[in-house]
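Here is the structure we will look at.
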Amino acid sequence: MPKPSLILVNGLPCTGKTTLARTLAARLGLPLFTKDQVKELLFETLGWSDRAWSKQLGVASTAVLFSVVEAELAVGRSLVAESNFHPELDALRVRALQERHTFGIVQILCFADGPTLWERYQRRAAGQERHPGHLDHILVEELRPQLLRGRVEPLPVGGALREVDTTDLAAVDVEGLVAWLR
25 MPKPSLILVN GLPCTGKTTL ARTLAARLGL PLFTKDQVKE LLFETLGWSD
75 RAWSKQLGVA STAVLFSVVE AELAVGRSLV AESNFHPELD ALRVRALQER
125 HTFGIVQILC FADGPTLWER YQRRAAGQER HPGHLDHILV EELRPQLLRG
175 RVEPLPVGGA LREVDTTDLA AVDVEGLVAW LR
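Residue 25 is where the sequence shown starts when you use our numbering, and the numbers rise one by one after that.
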C-alpha cells in the first residue's frame, strides 16, 4: 500500500485557503476537511454567542479536525486539511501524528498583499456569506495587524512546502499546483 499524503492548506483569513483547498481536493480526488466546516456544525448544534464561546468552539473544532485527519491517515488514506493553523499548537499535533503514522506531508501556505487581505476581511465582516457565529464583524480590529502582514510562517513539520500568492486569486496557477502535488 502506498504511503498516504496529508496536504495542509494554511494561511491567514481571507487568503483563499478554503477556495484553493476545495479545488485541489476535487482535482486530486481527495476528501477535504476544514476547521470551519466543523466549527459551523458546532454553531448549528450548540449555538453561538460571544468571542469567548467562538474561541472555545474553535479549539474544539481543531481537535475534531485532527481526530478526523488521524482516522484517515490510520487507514492509509490521503486527504486535504484546511485551517489557519497555529505554529505553536498545531505543529505539535502534526508531529504527534508523524510519530504514530507513516505519511507524506505537503503544506500549501497561502499569502497575499496585506492591504488586499485587510480589504477582503472588511468586506467579509460586512457581508452575510459566512456563518454569524464566526463573529467576523467583532474581529476586524483584532485581526488587522496580522492581515496587514499578509502572511504567517509555515508549520515547522518538515515535508514539502509550496507558498502560493493569492493576492490575485484568478492568477493562481492551479494546474501547476495540481501537477506538483501529483
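For each residue, glycine too, the CB sits at the ideal point set by N, CA and C.
Over the uninterrupted alpha helix (DSSP H) stretch that includes Gln4, give me the two end residues.
The requested residue 4 does not occur in the structure, where the chain is confined to residues 25 to 206.
Find out if the Cβ-Cβ distance for the pair Lys63, Cys134 is shorter than 8 Å.
no
Count the C-beta pairs between the segment 130-150 and the segment 25-34 that are closer than 8 Å, then say yes if the count reaches three, no if not.
yes
Backbone secondary structure at Phe109 - three-state DSSP:
coil
What are the boundary residues of the beta strand (DSSP E) that Leu185 is part of?
184-189
Once the 5 residues before and after Ser107 are set aside, which same chain residues still bring their CB inside 6 Å of it?
Lys59
Helix, strand or coil for Phe127, going by three-state DSSP, please let me know.
coil
Could you please give me the residues that DSSP links to Cys134 through a beta bridge?
Gly35, Val188
Under a Cβ-count criterion, where at least 16 other Cβ atoms within 10 Å of its own Cβ denotes burial, should Arg124 be classed as buried or exposed?
exposed
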